[in-house]
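This report concerns only the one structure given below.
2 protein chains.
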Amino acid sequence: MRTRADAAALDEADPLRRHREQFAIADGGPIYLDGNSLGRLPHASAERLRTVVEEEWGRGLVRSWSHWVELPVSVGDRIGAEIVGAGPGQLVVADSTTVNLYKAAAAALAARQDRRLVVSDAGNFPTDRYVLEGLCRNLGYELRAIRADPFDGIQPDDVVAATAAGDPALVVLSHVDYRSAAVADLPAITEAAHRAGALILWDLSHSAGAVPVELDASGADLAVGCTYKYLNAGPGAPAFVYVRAERQAELRQPVWGWFGQREQFAMGPAYDPVTGIGSWLSGTPSILGLVAVATGVESVAAAGVGRLREKSIALTELMVELIDDGLASYGATLASPRDPARRGGHVAVRHPEAWRICQALVDRFGIIPDFRPPDLIRLGPAPLYTGFVEVWDAIDGLREALATKAWTAYPAEPGRVT
Amino acid sequence: MRTRADAAALDEADPLRRHREQFAIADGGPIYLDGNSLGRLPHASAERLRTVVEEEWGRGLVRSWSHWVELPVSVGDRIGAEIVGAGPGQLVVADSTTVNLYKAAAAALAARQDRRLVVSDAGNFPTDRYVLEGLCRNLGYELRAIRADPFDGIQPDDVVAATAAGDPALVVLSHVDYRSAAVADLPAITEAAHRAGALILWDLSHSAGAVPVELDASGADLAVGCTYKYLNAGPGAPAFVYVRAERQAELRQPVWGWFGQREQFAMGPAYDPVTGIGSWLSGTPSILGLVAVATGVESVAAAGVGRLREKSIALTELMVELIDDGLASYGATLASPRDPARRGGHVAVRHPEAWRICQALVDRFGIIPDFRPPDLIRLGPAPLYTGFVEVWDAIDGLREALATKAWTAYPAEPGRVT
C-alpha cells in the first residue's frame with residue numbers, strides 16, 4: 003500500500019504542480035474533490051471580472067458591446083481548439099447546457115422528421131433526460147432509453163441494439179457518465195448511430211477539460227458541454243454548443259433571436275440569420291459568464307488537455323488503489339471502471355450510507371466530495387489544482403470516517419448537495 | 003425657453019438626486035443617455051460581485067449552492083413586488099429575454115392548440131418578432147402583425163381589429179415601444195385580447211424600472227422583461243418571466259430541465275416539475291447575473307418606481323421642450339408621444355443623418371445616445387442617475403452638432419451601436 007510519502011513524491015515530480023498557484027486556494031482550507039461539479043476560482047478570473055465590471059461596464063458602458071459581441075464565437079473557437087478538438091466556426095458559448103441541449107435536439111428532430119425515434123440512456127444526466135422527455139412528448143417521438151450497466155457505461159453494441167428497430171432520428175448520450183465516470187467510446191458510438199441513420203448529440207459536460215475529445219475527427223454531429231466544471235468558469239457560466247460545419251446548413255435551432263441575425267442592428271423585419279454557427283445564438287449572452295469562460299479555458303489550455311489527462315489518470319489510479327486497499331473492509335467499494343482508459347476524471351465509491359458519510363466528510367474532516375443518489379460518494383480530483391497528497395489525505399479521511407462511524411451523527415434523509 | 007440655470011434648479015429640488023451617488027460615475031465622464039440599453043453600474047453590484055466571486059465561489063465553492071439555488075425565485079419575487087406589480091410565486095429570473103419569450107409563447111400555443119393565429123406588432127422589438135416568426139413557422143401558426151403608427155404605438159382598437167377574424171391563440175406586444183417610447187394601454191389591450199379568446203404575453207423590457215406596471219391587476223397572462231436596462235443588472239444579466247398564478251397549471255414551458263424538477267438532487271427517472279413558477283426554470287442559472295439583478299432591483303426599489311416615473315416624466319418633458327425649441331430649425335424633430343402619460347422613459351429624435359449625428363455626439367461631444375434605424379437618435383435619461391443639467395447639456399450638444407454639421411465628418415454606413 004502506498005504511503006503518504008509516496009504521494010508527496012508524486013507531487014514533487016508532478017510537471018503540472020505549479021498550475022495550482024493560478025487558483026484561489028485558502029491555506030488550511032478543505033480538500034476539494036468537487037471540481038467536477040463547480041471548478042475552483044482562477045485568480046485570473048477574479049481579476050478579469052473586476053476589470054469587466056468596473057472598467058468595461060462601469061466606464062465603457064454600452065460602448066463595450068463593440069468587443070463583447072464577439073465573445074460567444076471567439077470563446078467557442080478557443081474551446082474548439084484547446085478542449086474538444088474542433089476547428090473554428092463550430093462552437094458558440096451562450097445559454098445553459100439545458101437550453102443548448104434543447105436547441106440541438108430540436109434542430110436534429112426537425113431535420114429528420116420522417117424518423118420518429120430518439121435513443122438515449124436511462125442513466126443519462128437528469129437534465130438531458132428531462133429535455134428529451136419534454137421534446138418527445140410534445141412533438142410525438144418515441145424515446146427509447148438504453149439500460150446499460152451504469153458502471154460500465156454505454157457500449158457501442160448497446161447503441162446498435164437500441165437503434166436496430168424503428169427509424170432513429172437522434173441518439174443523445176453523455177461522453178463521461180456523471181456517476182461512475184465511465185467513458186463512452188465516442189467515435190465507435192458515433193459511427194453506430196450514423197449507420198442506423200441517426201444524428202448524434204454528445205453531452206461533454208463531464209469530459210470537457212478532463213478527457214480529450216476529438217469532435218471533428220469522430221464525425222459527431224452535435225455536442226453540448228458545461229463550462230463550470232473542469233473549465234472553472236464559475237456558477238452558472240454559459241455552456242457551449244457544437245454543430246459540425248457540414249451539418250450547419252441542415253440544422254436550424256428553434257429559438258430565433260436577434261443575436262443570430264445577420265445585420266443585428268439593422269433590426270430588419272424578418273429573421274435572416276448569419277450563415278454558420280452564429281445562428282445558434284438567441285438572446286443577449288451573459289458577458290460576465292463569457293469572460294470567466296475565457297479565462298477558465300486559458301488556464302486549462304496553459305496546462306494542455308493531454309497532460310491534464312495524464313495527471314488525472316495518475317490521481318484516480320492512486321485513488322482506486324487506496325480505496326481497494328483501505329476501504330473495502332468497511333463496505334465501501336469502487337463504483338467506477340478499473341481500466342483508466344475507460345474512466346473519466348472522477349471516482350465513485352459505493353456505500354449504503356453514502357449521504358451520511360458525505361455530510362461527515364464535509365463537516366468533520368474538511369473534505370468536500372459530492373453525493374449522488376442512492377449510494378455514491380463522488381470524488382473528483384481536478385488535475386489542474388489537486389495534488390496527490392490531497393488524494394491520500396482524502397481517502398485516509400474517508401477511511402477514518404468509516405472506521406469511527408462518524409457518519410452516524412448525521413441525518414439519513416438526503417438533502418441538497420450539488 | 004428654459005435655461006441651464008432652470009435645469010440646475012430642477013436638480014437642486016430633485017428628491018431623488020442623492021441616488022446618483024449609488025452609481026459608478028466618473029468625474030468628467032460622458033453624459034450617458036443609454037441607460038435604457040445598458041444601465042450604469044451600481045457600486046453595490048461591484049462590491050457584491052466581488053464578494054460572490056472571491057468568497058462565495060472562491061472559498062464557499064460548491065457549498066454556496068445551498069443559498070444560490072433560491073435566487074431565481076427570490077429575486078423574481080422582489081421584481082414582482084417592487085417593479086411590476088405581481089404577488090409572490092409568479093416570476094423567476096433566469097435565461098435571456100429571448101429564451102423566456104420563446105418559453106412563454108410556446109407554452110401559450112401548447113395551451114391553445116385549437117387556435118392557430120398569433121397577433122403581434124410589425125414594429126415590435128426584433129427578437130420578439132424573430133422568436134414568433136420561428137415558432138409560427140415551425141408549428142404552423144399564422145403570424146399576423148399589426149402595423150400601428152410606430153410613434154403612437156399600439157392602440158386597443160388595433161388589437162380588437164387584428165383579433166376579430168380567425169381564432170387568436172396569443173397576442174404578444176411590448177408595453178413600451180423601443181423606438182418611440184410609446185406606452186401601450188396594458189390593461190385595456192389585455193382585456194381586448196381576452197375578449198377575443200387569446201392569451202397575452204407582454205414584453206416589459208423598456209418599462210421595468212421606468213414605467214409602473216401592474217401585472218396582477220391588469221389580468222395579464224404572461225410577461226417577460228430585461229434586467230440590464232433600467233434595472234442596471236449588467237451586460238447579459240438574466241431576464242425575468244411572469245406567469246399569472248391562475249394560469250400556471252395550464253401553461254407548461256417546453257424546455258424541461260433539472261432546475262425545475264421537484265426533487266432536483268434525487269435525480270429521478272422522469273420529469274416531475276415543482277408546482278408553481280419554479281417549473282419555468284430549465285438549466286443552471288447565471289449566479290453572477292442573478293446577484294447583480296438583486297442589487298440592481300434594490301437600487302430601483304430604494305427610490306421607488308412611482309417616484310422614478312415622476313422624475314422620468316420631468317426629465318423627458320424638459321427634453322421635449324428643448325428639442326422643440328432648439329432643434330426643429332435643423333430638421334431634427336420629436337419622434338415620441340407628446341403626452342407624457344403615453345411616453346416611456348426615453349425620447350426619440352428623428353433626423354435623416356441620425357447615424358452620423360450619433361457618432362459625432364459620442365466622439366466629439368461626450369454624449370452617449372443610441373441610434374435606431376433608419377433615422378432615430380434615442381435619448382434615455384434614466385431617472386435614477388441622470389440630472390436635469392445633463393439633459394440640458396445633451397440637447398445643447400446635439401444642437402451644436404447640428405448647427406456646426408459636425409456629423410459630416412463621420413461615415414454614413416450604420417454600424418454596430420447597441
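The listed protein sequences correspond, in order, to chains A and B. Taking the working numbering, I'd label the letters of the first sequence as residues 3 to 420. Taking the working numbering, I'd label the letters of the second sequence as residues 3 to 420. Idealized CB from N, CA, C, for every residue including glycine.
Judged by their CB atoms, V94 (chain A) and G346 (chain A) are not nearer to each other than the 8 Å cut-off. Chain A places a beta carbon closer than 8 Å to that of E56 (chain B), counting this residue as a contact. Chain B has no Cβ within less than 8 Å of the Cβ of W357 (chain A).
Under the DSSP assignment, S47 (chain B) falls in the alpha helix (DSSP H) whose first and last residues are H45 to T53. Those residues of the region 190–218 of chain A placed with their C-beta closer than 8 Å to a C-beta in chain B do not exist.
Under the DSSP assignment, V299 (chain A) falls in the alpha helix (DSSP H) whose first and last residues are I289 to A305.
Within the region 131–146 of chain B, contact with chain A at the beta-carbon level (separation under 9 Å) is assigned to R131, Y132, V133, L134, E135, G136, L137, R139 and N140.
The alpha carbon of V75 (chain B) has as its nearest neighbour, out of B:P376, B:F242 and B:D327, the alpha carbon of B:F242.
Look at D79 (chain A): its C-beta is not under 8 Å from any C-beta on chain B.
In terms of beta-carbon proximity, D372 (chain B) lines the interface with chain A, with at least one pair separated by less than 8 Å.
The Cβ-Cβ distance between L51 (chain B) and L290 (chain B) falls below 8 Å. Under the DSSP assignment, D372 (chain B) falls in the beta strand (DSSP E) whose first and last residues are D372 to R374.
Contact note: S284 (chain A) reaches chain B through S98, T100 and V101, using a C-beta cutoff of 7 Å and chain order.
Burial check for A414 (chain A): the Cβ neighbour count within 10 Å stays below 16, so the residue is exposed.
In chain order, G136 and N140 make up the part of chain B whose C-beta sits under 7 Å from the C-beta of P256 (chain A). Annotation: the continuous alpha helix (DSSP H) that includes G82 (chain A) extends over L73 to E84. Buried is the label assigned to E392 (chain A), since at least 16 other Cβ atoms lie within 10 Å of its Cβ. Counting along the chain, no alpha helix (DSSP H) covers F242 (chain A); the unbroken beta strand (DSSP E) around it starts and ends at F242 to V245. Residue state for W258 (chain B) is assigned as coil, using DSSP reduced to three classes.
Residue burial is scored here from C-beta neighbours: P256 (chain B) has at least 16 other C-beta atoms within 10 angstroms and is therefore classed as buried. CA-CA distance, D151 (chain A) to L134 (chain B), rounds to 43 Å. In the assembly as shown, R374 (chain B) is a buried residue. Its beta-carbon has 16 or more other beta-carbons within 10 Å. The three-state secondary structure of S281 (chain B), taken from DSSP, is helix. By the Cβ test, the region 90–107 of chain A is in contact with the region 225–242 of chain A, since at least three Cβ pairs between them sit closer than 8 Å. The contact set of P287 (chain A) on chain B, defined by CB atoms closer than 7 Å, consists of G238 in chain order. Membership of G227 (chain B) in the beta strand (DSSP E) is indicated by the continuous run L224 to G227.
Taking C-beta atoms under 8 Å as the contact rule, P158 (chain B) and A194 (chain B) qualify, at a distance of about 5 Å.
In the structure shown, F367 (chain A) adopts coil according to DSSP, grouped into three states. Per DSSP, reduced to three states, the secondary structure at Q263 (chain A) is strand. What Q263 (chain B) touches in chain A, judged by beta-carbon distance under 9 Å, is P128, T129 and Y132, going in chain order. In chain A, no part has a C-beta under 9 Å from the C-beta of S182 (chain B); the shortest such distance is about 14 Å. According to the DSSP assignment, R352 (chain A) belongs to no alpha helix (DSSP H) but to the beta strand (DSSP E) extending over V349 to R352. Not flagged as an interface residue toward chain B: L363 (chain A), since no C-beta distance is shorter than 8 Å. For V64 (chain A), the nearest CB of chain B lies under 8 Å from its own CB, placing it at the interface with that chain. Bounds of any beta strand (DSSP E) do not take in L253 (chain B), whose DSSP letter is neither H nor E. With a contact defined as Cβ atoms closer than 8 Å, L145 (chain B) and V120 (chain B) qualify at about 5 Å.
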